[in-house]
Amino acid sequence: MIQIEHMFVAWSEQGGQTNFVTMNKSQLPKSVAASEQETELLALRSLSFETHRATVLELEKLLYKAFPVLDRGFIRVVDYMGDDNAVVQAARVSYGAGTKKLREDRGLIRYLIRHRHTTPFEMCEIKFHVKLPIFVARQWVRHRTANINEYSARYSLLDNEFYVPAPENLAAQSSVNRQGRGAVLEGEEAARVINMLREDAIQAHAHYVEMMNEDNDGMIHEDRRGLARELARMNLTLNFYTQWYWKVNLHNLMHFLSLRADKHAQFEIRAYADVMLDIFKQWVPFTYEAFCDYRLGAVEMSAQALKVVQGLIAGKAVDQSESGLSKREWRELMGAIGRDI
25 MIQIEHMFVA
35 WSEQGGQTNF
45 VTMNKSQLPK
55 SVAASEQETE
65 LLALRSLSFE
75 THRATVLELE
85 KLLYKAFPVL
95 DRGFIRVVDY
105 MGDDNAVVQA
115 ARVSYGAGTK
125 KLREDRGLIR
135 YLIRHRHTTP
145 FEMCEIKFHV
155 KLPIFVARQW
165 VRHRTANINE
175 YSARYSLLDN
185 EFYVPAPENL
195 AAQSSVNRQG
205 RGAVLEGEEA
215 ARVINMLRED
225 AIQAHAHYVE
235 MMNEDNDGMI
245 HEDRRGLARE
255 LARMNLTLNF
265 YTQWYWKVNL
275 HNLMHFLSLR
285 ADKHAQFEIR
295 AYADVMLDIF
305 KQWVPFTYEA
315 FCDYRLGAVE
325 MSAQALKVVQ
335 GLIAGKAVDQ
345 SESGLSKREW
355 RELMGAIGRD
365 I
């Protein structure tokens with residue numbers, strides 16, 4: 025699809041012929057019309073193509089659809105390659121579906137994940153369009169084995185959109201985890217924090233616009249030159265929203281989700297991971313099932329922890345001081361096997 029002035033031209037190929045459709049913004053669906061980018065995505069969503077590539081019907085239904093996350097964020101799938109069968113093909117080094125039964129395909133995928141044979145999962149890829157707070161993006165980007173192209177505040181203006189946590193997500197520092205949350209803040213203290221977050225962000229954006237002497241309508245004061253965008257952005261708070269395209273293979277997606285969909289992950293990034301888990305399930309259901317069984321819902325044990333479990337099964341009395349485990353390891357193990365400390 026291309027844009028010509030204020031008209032959009034989309035095309036598809038059927039029966040060897042190329043069909044063109046022209047439309048203006050008023051003819052496009054109006055559920056998402058905040059930007060030309062979103063308008064273009066809506067136009068793409070209205071098209072269909074014939075292909076010899078593997079497609080997944082349930083994921084096709086989700087393409088270009090924005091799923092809301094947090095107060096102003098979203099995540100959408102814009103492209104993908106491969107399916108469960110692509111993993112199986114790569115593992116068997118064969119072409120086509122062959123004569124293997126679905127039960128055998130499922131069993132092979134479960135074997136691959138159980139024994140950490142990762143290369144076949146690298147044959148599948150997926151690309152997301154994500155809108156997220158900058159501080160969440162800084163956590164996300166620690167997963168380095170992916171491709172990212174982010175909205176540039178050197179070239180474009182950042183909107184006055186920032187994240188403010190809901191009251192139920194405002195918590196004090198955990199007393200047992202240096203990078204976790206404890207009890208939820210309540211009453212006046214919670215209201216005070218929310219007001220500070222909101223006021224700081226509003227003031228930061230006002231100063232950002234003032235320093236540049238520019239807003240979305242152009243220059244504000246003709247007698248001032250204004251600061252360069254690449255410098256003015258430094259004053260913005262980390263709860264402002266950014267956007268990017270993030271492309272990742274299935275193996276690295278599972279690694280991302282094993283950490284970010286975990287109950288110990290920060291709430292804000294976990295909110296995105298939870299949406300991605302649902303998308304993952306629609307895309308490669310056999311792989312998703314095995315991932316949940318062997319990675320997300322599984323427990324990894326040290327040699328010492330395994331000896332403790334074996335001792336408990338044998339009916340022996342085992343305590344932390346004799347186990348070879350630290351207090352934290354002991355607490356985690358007892359929690360994993362459902363025993364009171």
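Taking this note's numbering, I'd label the letters of the sequence shown as residues 25 to 365.
Positions of the beta carbon are idealized from the N, C-alpha and C atoms, including for glycine.
Everything numeric in this text was worked out from a predicted model, so none of it was measured.
Start and end of the alpha helix (DSSP H) containing residue i?
i    : result
E254 : 253-256
Should residue i go down as buried or exposed, given a rule of 16 or more other Cβ atoms within 10 Å for buried?
i    : result
Y104 : buried
T75  : exposed
L357 : buried
L52  : Here L52 scores only 42 on pLDDT, less than 50, and its place in the model should not be relied on; the value that follows carries that caveat. Buried: at least 16 other Cβ atoms inside 10 Å.
R294 : buried
E246 : exposed
Smallest Cα separation from residue i: which of the options?
i    : options                : result
M147 : R138, D107, A195, V333 : D107
L156 : Y265, E234, G131       : Y265
L181 : G335, M325, L260       : L260
D298 : D286, L86, V308        : D286
V117 : E213, F145, G348       : F145
V329 : W268, G348, F98        : The displayed chain sequence assigns Ala, not Val, to residue 329. Ranking the options by Cα distance to A329, first place goes to G348.
I137 : R352, E324, A314       : A314
L66  : G97, V101, E82         : V101
A256 : D247, H279, H231, G242 : H231
L71  : K151, R77, E84         : E84
How about residue i: is its Cβ closer than 7 Å to a heavy atom in the ligand SAH?
i    : result
Y265 : The model depicted lacks the ligand SAH and carries no ligand whatsoever.
Residue i to residue j, Cα distance in whole Å?
i    : j    : result
Y88  : Y318 : 30 Å
W354 : N193 : 29 Å
V111 : K271 : 18 Å
D343 : S326 : 16 Å
L251 : V308 : 48 Å
A341 : V333 : 11 Å
D129 : D241 : 57 Å
E64  : A322 : 42 Å
H279 : V188 : 28 Å
Just curious, the beta strand (DSSP E) that residue i is in, first and last residue?
i    : result
H153 : 149-157
K271 : 265-273
G97  : 97-105
Considering only the beta carbon of each residue, do residue i and residue j sit closer than 8 Å?
i    : j    : result
A215 : N263 : no
L94  : I303 : no
R178 : E254 : yes
V208 : A195 : yes
N184 : W268 : no
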